[in-house]
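Novice:
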Amino acid sequence: STPRAIVAADVNADGNVDIIVANNGGNNVGVFINTGTGTFSIQMTYSTGASSAPNSVTTADINADGKVDIIVANYGTNNVGVLINNGNGIFAAQVTYPSVNGPNCVVVVDVNGDGKVDIVVANSASNSVGVLIDTGSGTFIAQVTYSTGTGSSPQFVAAADVNGDCKIEINVANYW
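Per the numbering used here, the very first residue in the sequence shown carries number 296; after that it's consecutive.
(1) Which residue wins for smallest C-alpha separation from N399, given the options N373, I385 and T430?
(2) From the DSSP output, in three-state form, read off S432 for me.
(3) On a Cα-Cα basis, can you pick out the residue from N329, S346, S351 and V316 that is closest to T340?
(4) So, do the region 399-418 and the region 319-329 have three or more beta carbon pairs nearer to each other than 8 Å?
(5) Could you name the residues that DSSP lists as bridge partners for G425?
(6) Could you name the residues that DSSP lists as bridge partners for V401?
(7) Counting C-beta neighbours from all protein chains within 10 Å, is the total for Y441 16 or more, i.e. buried, or is it exposed?
(8) For the candidate residues V406, I301, T297 and F335, whose alpha-carbon lies nearest to that of N466?
(9) For G325, does the three-state DSSP call read helix, strand or coil?
(10) Tell me, to the nearest whole angstrom, how far the beta carbon of A348 is from that of N369; I am working on the premise that it is less than 8 Å.
(11) Starting from the C-beta of S394, find all residues in its chain whose C-beta is less than 7 Å away, skip the five residues before and the five after it, and write them out in chain order.
(12) For G384, count neighbouring Cβ atoms within 10 angstroms of its own Cβ and tell me buried if that reaches 16, exposed if not.
(13) When the Cα of T330 is compared with those of G444, V312 and R299, which residue comes out closest?
(14) Classify S351: buried if its beta carbon has 16 or more other beta carbons within 10 angstroms, exposed otherwise.
(15) Among the candidates G459, N381 and S346, whose CA atom is the shortest distance from the CA of K362?
(16) With DSSP run on the structure shown, which of helix, strand or coil describes D364?
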């Protein structure tokens, strides 16, 4: 299934950290539930769509229901997918939000200080970073993009208050 990215989070609220994997070749995300005995369940997979080729995965409580949801960058289909946790580590079908070419990496952070989790995505094939603002109901407004420079091909993105001004800065690792 060609795993491309991995993140750890307690998806079923049992106090044990579970594993979520972006399976690029399998066009899905896989969830391994921690049994609490040092082993994990067999992978449960959730489709990210035909030819989606997910490259990055992260988690956050997108809809403020206290459950960890999955966010994935679908490189092959140029979108960002959100899988809402229905409880006990079971996820609803992916809802997608259009991205520009080559979404390669996703992170979540409150970009605008409204207390809601927004999505930041590195769009490597379009030399840009995109921001999707959370509406508060677990949905997002259309992606706003910012150029990272001609030929830069951003691969990874991080978001943090780097300069101490209490505002989030977007940091990008460009390929070139």
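We treat Cβ as the ideally placed atom computed from N, Cα and C, and that holds for glycine. If you're wondering where the values come from, they're calculated on a predicted model, not measured in any experiment.
Specialist: On the basis of the data shown:
(1) Reading the sequence shown from its first residue, position 104 is the one you call residue 399. Ranking the options by Cα distance to N399, first place goes to N373.
(2) Locating residue 432 in the sequence shown gives position 137, where the first residue counts as 1. Reduced to three states, the DSSP call for S432 is coil.
(3) Translated into the one-based positions of the sequence shown, residue 340 becomes position 45. Nearest option by C-alpha distance: V316.
(4) no
(5) Sequence index remark: in the sequence shown, residue 425 carries index 130 (1-based). According to DSSP, G425 bridges with V416 and T440.
(6) Locating residue 401 in the sequence shown gives position 106, where the first residue counts as 1. Its beta-bridge partners are V416.
(7) Stepping through the sequence shown from its first residue, residue 441 is reached at position 146. Y441 is exposed by the Cβ-count criterion.
(8) To locate residue 466, count along the sequence shown from 1; it is residue 171. With distances taken between Cα atoms, N466 lies closest to V406.
(9) Counting from one through the sequence shown, the residue named residue 325 turns up at place 30. Strand.
(10) Taking the first residue of the sequence shown as position 1, residue 348 is located at position 53. Taking the first residue of the sequence shown as position 1, residue 369 is located at position 74. At roughly 7 Å, the Cβ-Cβ gap stays under 8 Å, so A348 and N369 are in contact.
(11) Residue numbering aside, residue 394 sits at position 99 when the sequence shown is read from its first letter. Excluding sequence neighbours, S394 sits near N373, N374, V375, V416, N418, G425 and Q438.
(12) Taking the first residue of the sequence shown as 1, we reach residue 384 at position 89. G384 should be labelled buried.
(13) Start at 1 with the first residue of the sequence shown, and residue 330 comes out as number 35. When only C-alpha atoms are compared, the closest one is V312.
(14) Locating residue 351 in the sequence shown gives position 56, counting from the first residue. It is buried - the Cβ of S351 has at least 16 other Cβ atoms within 10 Å.
(15) To locate residue 362, count along the sequence shown from 1; it is residue 67. Selected option, being the one with the closest Cα: N381.
(16) Position 69 of the sequence shown, counting from 1, holds the residue named residue 364. It is a strand residue.
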